[in-house]
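Peer 1: Have a look at the structure that comes next, please.
2 protein chains.
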Amino acid sequence: MVNAGNMNGSGNLMDFLDEPFPDVGTYEDFHTIDWLREKSRDTDRHRKITNKSKESIWEFIKSLLDAWSGWVVMLLIGLLAGTLAGVIDLAVDWMTDLKEGVCLSAFWYSHEQCCWTSNETTFEDRDKCPQWQKWSELLVNQSEGASAYILNYFLYILWALLFAFLAVSLVRVFAPYACGSGIPEIKTILSGFIIRGYLGKWTLLIKTVTLVLVVSSGLSLGKEGPLVHVACCCGNFFSSLFSKYSKNEGKRREVLSAAAAAGVSVAFGAPIGGVLFSLEEVSYYFPLKTLWRSFFAALVAAFTLRSINPFGNSRLVLFYVEYHTPWYMAELFPFILLGVFGGLWGTLFIRCNIAWCRRRKTTRLGKYPVLEVIAVTAITAIIAYPNPYTRRSTSELISELFNDCGALESSQLCDYINDPNMTRPVDDIPDRPAGIGVYMAMWQLALALVFKIIITIFTFGMKIPSGLFIPSMAVGAIAGRIVGIGVEQLAYHHHDWIIFRNWCRPGADCVTPGLYAMVGAAACLGGVTRMTVSLVVIMFELTGGLEYIVPLMAAAVTSKWVADAFGKEGIYEAHIHLNGYPFLDVKDEFTHRTLATDVMRPRRGEAPLSVLTQDSMTVEDVETLIKETDYNGFPVVVSKDSERLIGFAQRRELILAIKNARQRQDGVVSNSIVYFTEEPPELPANSPHPLKLRRILNLSPFTVTDHTPMETVVDIFRKLGLRQCLVTRSGRLLGIITKKDVLRHMAQMANQDPESIMFN
Amino acid sequence: MVNAGNMNGSGNLMDFLDEPFPDVGTYEDFHTIDWLREKSRDTDRHRKITNKSKESIWEFIKSLLDAWSGWVVMLLIGLLAGTLAGVIDLAVDWMTDLKEGVCLSAFWYSHEQCCWTSNETTFEDRDKCPQWQKWSELLVNQSEGASAYILNYFLYILWALLFAFLAVSLVRVFAPYACGSGIPEIKTILSGFIIRGYLGKWTLLIKTVTLVLVVSSGLSLGKEGPLVHVACCCGNFFSSLFSKYSKNEGKRREVLSAAAAAGVSVAFGAPIGGVLFSLEEVSYYFPLKTLWRSFFAALVAAFTLRSINPFGNSRLVLFYVEYHTPWYMAELFPFILLGVFGGLWGTLFIRCNIAWCRRRKTTRLGKYPVLEVIAVTAITAIIAYPNPYTRRSTSELISELFNDCGALESSQLCDYINDPNMTRPVDDIPDRPAGIGVYMAMWQLALALVFKIIITIFTFGMKIPSGLFIPSMAVGAIAGRIVGIGVEQLAYHHHDWIIFRNWCRPGADCVTPGLYAMVGAAACLGGVTRMTVSLVVIMFELTGGLEYIVPLMAAAVTSKWVADAFGKEGIYEAHIHLNGYPFLDVKDEFTHRTLATDVMRPRRGEAPLSVLTQDSMTVEDVETLIKETDYNGFPVVVSKDSERLIGFAQRRELILAIKNARQRQDGVVSNSIVYFTEEPPELPANSPHPLKLRRILNLSPFTVTDHTPMETVVDIFRKLGLRQCLVTRSGRLLGIITKKDVLRHMAQMANQDPESIMFN
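Right, here's the structure in full:
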């Protein structure tokens, strides 16, 4: 019953060699892996270890270690990703404050840390401790006045430029792959594409350092997307330590999926949201075992981050919020409006950003990346400084916008006119008329909104690490807070209107502007990325209550629908297309009525398919064929006349096998017949020794008939992760369809230029 | 470019008929669907609607309605599932209390509701209001004393027997499919199997009613598993209202996956956990679109349930818990011990339960299901009544065990000796020595544990609706609480031991026995069902804090590992195997080195494969072949000599096509040649009119070569959802592999009797 032959693994050249060649079974750069083959190879490996484990105790222990290595890798990824996230948070905190001043007691303290150790314990003075000095105080001993302001302004811009220049130079010199958010590339890699060095150690190091620099420089970008890239680099690093993962590109991708989950987990402090993000947005092949391990990695990462405690509040989450009021049905209307805004913002952003990035790629603009970064940083710093809402770091801004106004709040946004008769407990403050501070804040926020919208379009895609989550959320949070305050004041001043009468009596706390900010943030993030479940779950983990899930869902759904109406692609898919990565999206539905015969090569009028015959070509014939074509492999047929398919041989393995045979096997010359059958063909006397290559022949190539609808072919390519597929009609080989043919055909059907989308 | 022929849809018999036959495209009972074909049919349908929508505004509106119908179905499922769950909860509450007494002011009030309206407002007296009368008070006017006790005992048993008898009779007479938890069958159905009536309206009605009866009867079973079945019945009902879902078995299964999520969502009040449960445990084909819709259905269901508010506390979750103390590293040791216990319990339960169910199937025992239910109910009631922890409903028991002891707690479990000098706030109570009540409770809990373990084995699998979640959790919660109290007392009396010294000073609140109960419940549930992520997420949604996720994960992982060491199957897989459903588990890894040629039919020595030829068989030949075999379809080859495959014809469609042609098409007689080619074959003069059947020919049958490793074949069957696959060698048809062949082979490789596992 058990057949001795094994057609799949590497190292099957035992016909004429003792050891396998070192390179068999690996892939070249910018090529696509064959998932079925990788899976098969892993099963072989597993089988070997299981068989061996019965031989001795030592082998048994080794097999146990092998079985556990997956969990060890997850633990290590979680620990390192959590640590790096903590270090990045601390460094960003310190360097952001460095733009404004320095701590005298210890220069490595951020503003907040500096004043923790101070003796001023009253709440108002915590921000103004003597140890913390603004640059103007330190340099010219002035803390107020126009000249101090200008000096501080100037130094702020200078620091920002210095950070940005350092970042872009480091990226250019050491690790060009460290730029961008990395998520489009990670999606492509997880779908089976090889980009060597993209997840390398240098990228990890440079991306971590430059991420700190660019976030501190005050540019309109976030660290969340790049953190996913950083976590994936950690995953790649640790998987290279275990041969189980380093030697199998399929298994390695399972680890990377889990690492992506750990990345989001530390970015937001949302482990479940991270796992769902990896499942929904990033991953391609996500077996259940990976789900469980991702969850483990995400949790370890989250707890590592918490024990580092970079926010100093023992909280796991980036924006901790606690609201005291429920929401009311009538509020769904503004929430849905925010959803529409989010969808429109998503569409606008994607269109403008892609247009700008295309211009950068095709014009001279792309040749001066350093200059571009310097210019954008300068503009950002110059415009951002005068406005208190853009001067501070974006995550602080979001945090403030999400907050509900408590009684002790000193923020300008909470400058309401208090009722002197108020005797309520602290967390149940009724709606109040807005004070002058709130109106001021509204104007400043409106300016900040316009500024953020415009500058983010130009920032995302420069040659520095840049994430989109935080700027998108900031845009939404600003819009949401403005709408929220508007609704609140409307309800306060017109509580006799029908819509307010039922739920907003005078003296009641009926509108929470912070909730509007949160809903707006979710809507804008959803419009840009088209995340759905993971978005809502991340937001749910931030608030920690099911109460607010309905507003969040309403906004997320509306935003997705509005944005989808203008174009199905999220920002990551748009960038994948822009860069021409061969990515077969699981979400795209192929609904055209074409057949395999319309897509396969060769087309009518083209040269016939290059094939090998099973026992009639010489070594020289094969070498000529290899030299004249650049295909990745060749179908093997019985004879050129019958064209009945017997298997498929990889180009790479053919080259290696012939090279090795010529070097080491006696009697193999250019005239030797190459045969793929079990038995050598009958040759005339005096003919040179034939060369048997059956072991590199894949005897189970994937075939479809020429009448197979392309939607089925696309489905097969997606689900089985094929590289190519042979097309037959009544048993005769007609042609071949590769993954690139499929992508090209899909682009053609969608009226895109097929050549523009290929990897370049 | 676009080819006119369409080889996949139904309704393609236009060659000789105007309208399609009514039955084409449907499947027979106990057959497996072809996922690829269903998907293709849906794409066709979608394409038609899109094309039509450009014709008129009415068609455009219809296309919009069609696109929205998915969301409408989800909304309806959520509403109905939530309502049913609420009604079941209320009815169970009332009927459970009916066993003990009745409310005089309104007999339809449960004990709790009865005393809400009472004037006694002090906390202690809430349970003893005058309107609520025990049966003994009502009938013989005695509330205390031996005779009252015996009367109450007797009536308790009588009510239980009545409920159980009613339930089993209803199930037997009206809906035999309503028994069991339903999850094994739903898993099988979602994997593509057809069991007509399993999700029908009668099953829905009877299962809802009998579920109330059996839970109220006090049997050791829960309502959570059956609620998933009930929700799936709702899903099936609503999908039959929309032709998009009712006519496509693949699309229908997407709705059912979402309905399963809604079921768990209302069972535990855990919408995210429900979605993950559906994803991890139940579903087979789970595209991302379904993820989002499942989430929507789960949320609607949860909010519907909350607005019904059956627990009277505005809480969404079944067991709401709030702990005030963190856990300490050293506590991981008892948590892991609980994990081991959970794994052992899982193994024990699965082994014993399967052995008992097998005995029931094979011996005379199975012939008296009513008697069996009556006997088990009688035993349960007789043993349960004297012990206060088994007398109350299991979910109340779990709720009490999970609870942290507050200052106002009147439960026996919280009978600690108070320090009279205590001046702490209410929620921060230090560890105290246990009082006599706690020791009593420990004994009673130990007895309850033994009783629950034994009786659950015999209860699960009887001919009544029965869920496993609650009894499993009860076993774990009891064990956990006992361990928790043990650790607490150990820490109190020996706080100078090294392990306690660091975290458990006198006067500190260091051990929370309720947390141990929760960890134990998770471990036992994990051991039985082998859920991982969804289990932890459900528990996380119960507690609402990430704090306790590490203990839960540690216990869940340990429990799964321990249980897996004794056997990989969870209880649902075990029952699927027991019943012989053709279920190809995604989690099973096939690692044997067999090839397609070892599995395909015909085997060596068997009669050759039954095939049709493309243009040389008469109608009579085909009819004879159909009569003599019972295969579901036949490959069509060029000729018997060349055996080159051109397509595959379904038995069902062949029969229908020939029957219709004989009735309606002139000149078709037994001697007519049947042809599958485009052009009719050249026939001698005078031969009868030939019959063209190309339109029922599937021109893209799935093929693999004979050398394909079986692991690849299994993978293809799983991922593409095939029914059968043809085996070729160099273009020649060799044999066929069906899904059952694959399952039989897998059983053989696992050393099981292959015939025992087939559906019977």
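First to last, the sequence lines map onto chains A and B. Once you know that position 502 of the first sequence is 502 in my numbering, the rest is easy, because the numbers rise by one and skip nothing. Once you know that position 450 of the second sequence is 450 in my numbering, the rest is easy, because the numbers rise by one and skip nothing. Using N, Cα and C, we set each Cβ at its ideal position, and we do this for glycine too.
Name the DSSP beta bridge partners of G764 of chain A, please?
Peer 2: This structure leaves residue 764 of chain A out entirely; chain A is present only between 1 and 760.
Peer 1: Is the distance from the Cβ of A81 of chain A to the Cβ of V266 of chain A below 8 Å?
Peer 2: In the first sequence, residue 81 of chain A corresponds to position 81, counting from 1. In the first sequence, residue 266 of chain A corresponds to position 266, counting from 1. Contact: yes.
Peer 1: How many Å lie between E620 of chain B and L691 of chain B at the Cα?
Peer 2: Locating residue 620 of chain B in the second sequence gives position 620, counting from the first residue. Locating residue 691 of chain B in the second sequence gives position 691, counting from the first residue. About 12 Å.
Peer 1: Could you give the DSSP three-state label for R831 of chain A: helix, strand or coil?
Peer 2: Residue 831 of chain A is absent from the structure shown; chain A starts at 1 and stops at 760.
Peer 1: Taking M553 of chain A as the query, report the chain B residues whose CB atoms sit under 9 Å from its CB, ordered along the chain.
Peer 2: Position 553 of the first sequence, counted from the start, is the residue given in the question as residue 553 of chain A. Result: F295, F296 and L299.
Peer 1: Report the residues of the stretch 480–511 of chain A with a CB closer than 9 Å to any CB of chain B, ordered along the chain.
Peer 2: Taking 9 Å as the Cβ-Cβ cut-off against chain B, none of the residues of the stretch 480–511 of chain A qualify.
Peer 1: By the 10 Å Cβ neighbour count, where 16 or more other Cβ atoms means buried, how is G9 of chain A classified, buried or exposed?
Peer 2: Along the first sequence, read from residue 1 onward, the residue named residue 9 of chain A stands at position 9. For G9 of chain A, the predicted model reports a pLDDT of 38, less than 50, meaning its position is unreliable; a value from the coordinates is still stated below. It is buried - the Cβ of G9 of chain A has at least 16 other Cβ atoms within 10 Å.
Peer 1: Report the option in B:F295, B:Q113 and B:N579 whose CA atom is closest to the CA atom of N309 of chain B.
Peer 2: Sequence index remark: in the second sequence, residue 309 of chain B carries index 309 (1-based). Of the listed residues, the one whose Cα sits closest to N309 of chain B is B:Q113.
Peer 1: My guess is that A441 of chain B and G476 of chain B are in contact by the Cβ rule of under 8 Å, so how many angstroms apart are they, rounded?
Peer 2: In the second sequence, the residue the question calls residue 441 of chain B occupies position 441. In the second sequence, the residue the question calls residue 476 of chain B occupies position 476. Their Cβ separation, rounded to whole angstroms, is 17 Å, which puts A441 of chain B and G476 of chain B out of contact at 8 Å.
Peer 1: Give me the Cα-Cα distance between G235 of chain A and V73 of chain A, rounded to the nearest whole angstrom.
Peer 2: In the first sequence, counting from the first residue as 1, residue 235 of chain A sits at position 235. In the first sequence, counting from the first residue as 1, residue 73 of chain A sits at position 73. Going by the C-alpha atoms only, they are around 8 Å apart.
Peer 1: Could you tell me whether the Cβ atoms of A554 of chain A and F335 of chain A are closer together than 8 Å?
Peer 2: Position 554 of the first sequence, counted from the first residue, corresponds to residue 554 of chain A. Position 335 of the first sequence, counted from the first residue, corresponds to residue 335 of chain A. For A554 of chain A and F335 of chain A, yes; Cβs fall inside 8 Å.
Peer 1: Do the CB positions of F717 of chain B and K739 of chain B come within less than 8 Å of each other?
Peer 2: Counted from its first residue, the second sequence places residue 717 of chain B at position 717. Counted from its first residue, the second sequence places residue 739 of chain B at position 739. In this structure, K739 of chain B lies closer than 8 Å to F717 of chain B by Cβ.
Peer 1: Roughly how many angstroms separate the alpha carbons of L155 of chain B and W135 of chain B, rounded to a whole number?
Peer 2: As a working note, residue 155 of chain B is residue 155 in the second sequence. As a working note, residue 135 of chain B is residue 135 in the second sequence. The straight-line gap from Cα to Cα measures roughly 8 Å.
Peer 1: Who pairs with M617 of chain A in a beta bridge, going by DSSP?
Peer 2: Indexing the first sequence from 1 puts residue 617 of chain A at position 617. Note: M617 of chain A sits in a beta bridge opposite A:V674.
Peer 1: Please list the partners that V266 of chain A has in chain B, where partner means a Cβ-to-Cβ separation under 9 Å.
Peer 2: Numbered from 1 along the first sequence, position 266 holds the residue referred to as residue 266 of chain A. What V266 of chain A touches in chain B: nothing, since even the nearest Cβ is about 13 Å away.
Peer 1: Anything in chain B within Cβ reach of S292 of chain A, meaning under 8 Å, just list it in chain order.
Peer 2: Walking along the first sequence from the start, residue 292 of chain A turns up at place 292. The sequence given here has Trp at residue 292 of chain A, not Ser. Simply T532 and V533.
Peer 1: If you run the structure through DSSP and keep just helix, strand and coil, what is P709 of chain B?
Peer 2: The sequence position of residue 709 of chain B within the second sequence is 709, counting from 1. Strand at P709 of chain B.
Peer 1: If I measure Cβ to Cβ from V438 of chain B and keep anything under 6 Å in the same chain, skipping five residues before and after, which residues do I get?
Peer 2: Looking up residue 438 of chain B in the second sequence gives position 438. Closer than 6 Å at Cβ, skipping near neighbours: D415.
Peer 1: By DSSP, does H745 of chain B sit in helix, in strand, or in coil?
Peer 2: Counting from one through the second sequence, the residue named residue 745 of chain B turns up at place 745. H745 of chain B: helix per DSSP, three-state reduction.
Peer 1: Using a Cβ-Cβ cut-off of 8 Å, state whether R604 of chain A counts as contacting chain B.
Peer 2: Sequence index remark: in the first sequence, residue 604 of chain A carries index 604 (1-based). It does not: the Cβ of R604 of chain A has no partner Cβ on chain B nearer than 8 Å.
Peer 1: Three Cβ pairs or more, each shorter than 8 Å: is that satisfied between the stretch 165–185 of chain B and the stretch 140–156 of chain B?
Peer 2: At 8 Å Cβ cutoff, the stretches do not touch.
Peer 1: Is the CB of D715 of chain B under 8 Å away from at least one CB in chain A?
Peer 2: One-based indexing of the second sequence puts residue 715 of chain B at position 715. Yes, because at least one Cβ of chain A sits closer than 8 Å to the Cβ of D715 of chain B.
Peer 1: Quick check: the stretch 205–213 of chain B against the stretch 89–104 of chain B, are there 3 or more CB pairs under 8 Å?
Peer 2: Cβ pair count under 8 Å is three or more, so yes.
Peer 1: If you run the structure through DSSP and keep just helix, strand and coil, what is R391 of chain B?
Peer 2: For this step, residue 391 of chain B is matched to residue 391 along the second sequence. Three-state DSSP puts R391 of chain B in a helix.
Peer 1: Counting only beta-carbon separations shorter than 8 Å, does V72 of chain A have a partner in chain B?
Peer 2: Within the first sequence, residue 72 of chain A is the residue found at index 72, counting from 1. So no, V72 of chain A is outside the interface.
Peer 1: For S670 of chain B, which residues from the same chain have a beta carbon less than 8 Å from its beta carbon, with the 5 sequence-adjacent residues on both sides left out?
Peer 2: As a working mapping, residue 670 of chain B is identified with position 670 in the second sequence. Same-chain partners within the cutoff: T618, V619, E620 and E623.
Peer 1: Indicate whether F458 of chain B and W356 of chain B have their beta-carbon atoms separated by less than 8 Å.
Peer 2: Residue 458 of chain B sits at position 458 when you count from the first residue of the second sequence. Residue 356 of chain B sits at position 356 when you count from the first residue of the second sequence. Going by C-beta atoms, F458 of chain B is nearer than 8 Å to W356 of chain B.
Peer 1: Under the three-state reduction of DSSP, which class applies to I646 of chain B: helix, strand or coil?
Peer 2: Working through the second sequence from its first residue, we reach residue 646 of chain B at position 646. Note: I646 of chain B maps to strand in three-state DSSP.
Peer 1: Identify whether C103 of chain A lies in helix, strand or coil by the three-state DSSP scheme.
Peer 2: One-based indexing of the first sequence puts residue 103 of chain A at position 103. Of the three classes helix, strand and coil, the one that applies to C103 of chain A here is strand, per DSSP.
Peer 1: Specify the secondary structure class of F634 of chain B as computed by DSSP and reduced to three states.
Peer 2: For the purposes of this step, residue 634 of chain B is identified with residue 634 of the second sequence, where counting begins at 1. Three-state DSSP puts F634 of chain B in a strand.
Peer 1: So, with DSSP's three-state summary, where would you put V704 of chain B?
Peer 2: Position 704 of the second sequence, counted from the start, is the residue given in the question as residue 704 of chain B. V704 of chain B falls in the strand class under three-state DSSP.
Peer 1: Rounding to the nearest angstrom, what Cα-Cα distance links E185 of chain B and I736 of chain B in this structure?
Peer 2: For the purposes of this step, residue 185 of chain B is taken as residue 185 along the second sequence, with counting starting at 1. For the purposes of this step, residue 736 of chain B is taken as residue 736 along the second sequence, with counting starting at 1. Rounded to the nearest angstrom, the two C-alpha atoms are 27 Å apart.
Peer 1: Within 8 Å of any Cβ in chain A, is that where the Cβ of V586 of chain B sits?
Peer 2: Walking along the second sequence from the start, residue 586 of chain B turns up at place 586. So, interface residue.
Peer 1: What is the DSSP secondary structure of G180 of chain A, counted as helix, strand or coil?
Peer 2: Start at 1 with the first residue of the first sequence, and residue 180 of chain A comes out as number 180. Of the three classes helix, strand and coil, the one that applies to G180 of chain A here is strand, per DSSP.
Peer 1: In or out: P22 of chain A buried (at least 16 other Cβ within 10 Å) or exposed?
Peer 2: Working through the first sequence from its first residue, we reach residue 22 of chain A at position 22. Its pLDDT being 49, under 50, P22 of chain A is placed unreliably in this model, and the coordinates cannot settle the point.
Peer 1: Checking contacts by CB at 8 Å: is I549 of chain A closer than that to chain B?
Peer 2: Here residue 549 of chain A refers to the residue found at position 549 of the first sequence. So, interface residue.
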